[in-house]
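Numbered according to this note's numbering, the sequence shown terminates at residue 273, and the numbering increases by one at each position without gaps.
We put the CB at the ideal spot given by N, CA and C, even for glycine.
Written below as structure tokens is the structure these notes are about.
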Amino acid sequence: MTELTPLPSLAGGLLIGLSASMLLLTHGRVAGITSIYEGAITAPARDGGFRVAFLAGLVSAGFIMWLIRPEAFPAGPVTPLWLTAIAGFVVGFGTRLGSGCTSGHGVCGISRSSTRSLVATMIFIATGAITVFLVRTLVGSGA
């Protein structure tokens, strides 16, 4: 999808911001997905129930959206599986290197005036733009 969609994009951004704000207000927790996922695996006895419920909500929301608007989801992979696997490893490495993921830094960190999150988010965006350019130019994918 490459066309400009300002209203759906605005609605999605508002929902993400509202969700992150509600989690912070009701539970005092930052909605950093990687940290929530990692904690569900490494420390399930401490607060794993919250983490598993949060992750189940993310998956359930995607499933419900698929039921409502299946045309919004591609029928199959839009990039080769090998490229998707490499991208997953690079994202995991970047998450460790940046001490957090895009949701933690970009949505939650910047809203809390974190300089580290602002710098991390600028690096995420620049790296993403360069990666899309390289993939489209060198690999020829429509990603």
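Is the distance from the Cβ of L153 to the Cβ of A161 below 7 Å?
Your numbering for residue 153 matches position 23 in the sequence shown. Your numbering for residue 161 matches position 31 in the sequence shown. Cβ atoms of L153 and A161: closer than 7 Å.
Just how far apart, CA to CA, sit G206 and A173?
Stepping through the sequence shown from its first residue, residue 206 is reached at position 76. Stepping through the sequence shown from its first residue, residue 173 is reached at position 43. Rounded to whole angstroms, G206 to A173 spans 34 Å at the Cα level.
I need the DSSP call for F180, collapsed to helix, strand or coil.
The residue you call residue 180 lines up with position 50 of the sequence shown. If DSSP states are grouped into helix, strand and coil, F180 belongs with the helices.
If you count every other CB in all the chains shown that lies within 10 Å of the CB of T164, and 16 or more means buried, which is it?
If you number the sequence shown from 1, residue 164 lands on position 34. So T164 ends up on the buried side.
Euclidean distance between Cα positions of G236 and G228:
Residue numbering aside, residue 236 sits at position 106 when the sequence shown is read from its first letter. Residue numbering aside, residue 228 sits at position 98 when the sequence shown is read from its first letter. Taking the straight line from one Cα to the other gives about 12 Å.
Could you check if I171 is buried or exposed, using at least 16 other CB atoms within 10 Å of its CB as the buried criterion?
Here residue 171 refers to the residue found at position 41 when the sequence shown is read from its first residue. The residue is exposed, with fewer than 16 neighbouring Cβ atoms inside 10 Å.
Determine the DSSP secondary structure at P136, reduced to helix, strand or coil.
Position 6 of the sequence shown, counted from the start, is the residue given in the question as residue 136. Helix, per DSSP.
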